[in-house]
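Heads up: the structure comes next, in structure tokens.
Residue numbers (the numbering used here): -2 to 302.
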């Protein structure tokens, strides 16, 4: 049956762009995520005041666009209506979060710097801040995505356990599958909960019984999408990542219970963007606060410190 919570196909994408190889990876991924959509390429130049949270849009004459800075990226997005913008601001994450919130972008796409031999261990403060602060879904393009010849999305996976966060992830994955004509793999992991003193963390809703949750997920997906369900046993992040070897995009929700619980039990979504062999899309909590731009700026500052 068609889901009563209608999936939304992405129509507007915001791409963080700085001319680096990681930015080119983000552009290539954006092209595959939503064919026929519109895209804004946003470049943030460093502000003279590193503590300032305000930013300014540069005019055409002052923008790097006048020197052809965006030309190759725009050519890559052939077939997608593209706008280029240049800003001056101290925090790229703050600018991207604010744009995503105020202009109702469906996705924010960024690349990973992957500096040195540590690879995925160095994601960069911008991606980390966006993942924990933005109200829009964030997609991280892995290193060398542009050079590996990914032409489309054939298979999309979603980590699903029946919680509101995973429901939001399922709707996002369903919309992308409809837009790209991709199949959908629903991954449910049965694993014991981490032992954490309840006095130290906020109370969470119990996870639904896994078999009932996965059956409901399949029934809710639009009939136009080919869907398969998989029950996995073991550590959540490891099992989901290992199941994505032939997947073009992994979609996961973010519970974001706060810094204390992330320190104690870790964030599955954070681990997945380090471990998964494919691009990872993190969907924010449905009830995420409206102060996301400030939150992202604070996370970026603490990460960079």
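For glycine and all other residues, C-beta sits at the position ideal for the given N, C-alpha and C.
From a predicted model like this one, the values you see are computed outputs, not experimental measurements.
Taking only the alpha-carbon atoms, compute the straight-line gap between residue 256 and residue 58 and give it to the nearest angstrom.
-> As a first step, residue 256 must be located in the chain shown, where it is residue number 259. As a first step, residue 58 must be located in the chain shown, where it is residue number 61. In this prediction, residue 256 has a pLDDT of 42, which is less than 50 and means its spatial position is unreliable; what the coordinates show is noted afterwards. When rounded, the distance between both Cα atoms is 43 Å.
Label residue 34 either buried or exposed according to how many other C-beta atoms from any shown protein chain fall within 10 Å of its C-beta, with 16 as the threshold for buried.
-> Locating residue 34 in the chain shown gives position 37, counting from the first residue. Looking at its Cβ environment, which holds 16 or more other Cβ atoms inside 10 Å, residue 34 is buried.
Can you find a C-beta in chain C that's less than 9 Å from the C-beta of residue 15?
-> Note that chain C does not occur in the displayed structure, where there is just one protein chain.
Using a Cβ-Cβ cut-off of 7 Å (strictly less than) and excluding sequence neighbours within five positions of residue 54, which residues of its own chain qualify?
-> Position 57 of the chain shown holds residue 54. Only 82 and 84 meet the Cβ criterion.
Are residue 134 and residue 169 close, meaning C-beta to C-beta below 9 Å?
-> Sequence index remark: in the chain shown, residue 134 carries index 137 (1-based). Sequence index remark: in the chain shown, residue 169 carries index 172 (1-based). Yes. Within cutoff.
Evaluate the contact criterion for the stretch 86 to 105 versus the stretch 154 to 166: three or more CB pairs, one atom per stretch, below 8 Å.
-> no
Neighbourhood of residue 234 by C-beta, 7 Å cutoff - its chain only, sequence neighbours within 5 removed = Indexing the chain shown from 1 puts residue 234 at position 237. Closer than 7 Å at the Cβ level, and outside the excluded window around residue 234, lie 265, 268, 269 and 272.
Segment contact, 8 Å Cβ cut-off, at least three pairs: the stretch 63 to 79 with the stretch 16 to 28 | Contact between the stretch 63 to 79 and the stretch 16 to 28 is present: three or more C-beta pairs spanning the two stretches fall below 8 Å.
Can you name, in chain order, every residue of its own chain whose Cβ lies under 6 Å from the Cβ of residue 9, other than the five neighbours on each side?
-> The count along the chain shown starts at 1 and reaches residue 9 at position 12. Cβ contact annotation for residue 9 (same chain, cutoff 6 Å, sequence separation greater than five): 35, 102 and 103, in chain order.
Within the same chain, show all residues whose beta-carbon is closer than 6 Å to that of residue 236, passing over the 5 residues directly before and after it, in chain order.
-> Walking along the chain shown from the start, residue 236 turns up at place 239. Excluding positions up to five away in sequence, the list reads 186 and 229.
Keeping to the same chain, check which residues put their C-beta closer than 6 Å to that of residue 226; ignore five residues upstream and five downstream.
-> Sequence index remark: in the chain shown, residue 226 carries index 229 (1-based). Result list for residue 226: 183, 211 and 215, in chain order.
Taking the alpha carbon of residue 176 as the point to measure from, which residue in 219, 105, 127 and 13 has its own alpha carbon closest?
-> If you number the chain shown from 1, residue 176 lands on position 179. When only C-alpha atoms are compared, the closest one is 219.
For the stretch 13 to 101, which segments carrying the beta strand (DSSP E) assignment without a break, of at least 3 residues, lie completely within its bounds, in sequence order?
-> 35 to 43, 52 to 54 and 78 to 86
Give the range of the alpha helix (DSSP H) segment to which residue 265 is assigned.
-> Position 268 of the chain shown holds residue 265. Residues 265 to 272.
How would you call residue 251, buried or exposed, if buried means at least 16 neighbouring beta carbons within 10 angstroms?
-> One-based indexing of the chain shown puts residue 251 at position 254. Classification for residue 251: buried.
Answer yes or no: do residue 106 and residue 30 have a C-beta to C-beta separation smaller than 9 Å?
-> In the chain shown, counting from the first residue as 1, residue 106 sits at position 109. In the chain shown, counting from the first residue as 1, residue 30 sits at position 33. Yes.
Can you round the beta-carbon distance between residue 364 and residue 276 to whole angstroms, since I take them to be within the 8 Å contact cut?
-> Since the displayed the chain opens at -2 and closes at 302, residue 364 lies outside it and no answer follows.
Nearest to residue 144 by CA position, among 280, 75 and 20, is which residue?
-> Numbered from its first residue, the chain shown carries residue 144 at position 147. Ranking the options by Cα distance to residue 144, first place goes to 20.
DSSP beta-bridge partners for residue 251?
-> Position 254 of the chain shown, counting from 1, holds the residue named residue 251. Its beta-bridge partners do not exist; DSSP assigns none.
How big is the Cα-Cα spacing for residue 41 and residue 13?
-> Taking the first residue of the chain shown as position 1, residue 41 is located at position 44. Taking the first residue of the chain shown as position 1, residue 13 is located at position 16. Approximately 8 Å between the Cα atoms of the pair.
Below 6 Å CB to CB, which residues in the same chain sit around residue 151 once its five sequence neighbours on both sides are set aside?
-> As a working note, residue 151 is residue 154 in the chain shown. Taking residue 151 as the centre and dropping the five residues before and after it, the same chain places the C-beta of 179 and 245 closer than 6 Å to its C-beta, in chain order.
Residue 175: first and last residue of the uninterrupted alpha helix (DSSP H) it sits in | Here residue 175 refers to the residue found at position 178 when the chain shown is read from its first residue. That run of the alpha helix (DSSP H) goes 161 to 177.
How about residue 27: is its Cβ closer than 8 Å to a heavy atom in the ligand MG?
-> Here there are no bound small molecules, and the ligand MG is not part of this structure.
Opening and closing residue of the beta strand (DSSP E) in which residue 153 lies | Here residue 153 refers to the residue found at position 156 when the chain shown is read from its first residue. Taken as a continuous stretch (DSSP letters only), the beta strand (DSSP E) holding residue 153 covers 152 to 156.
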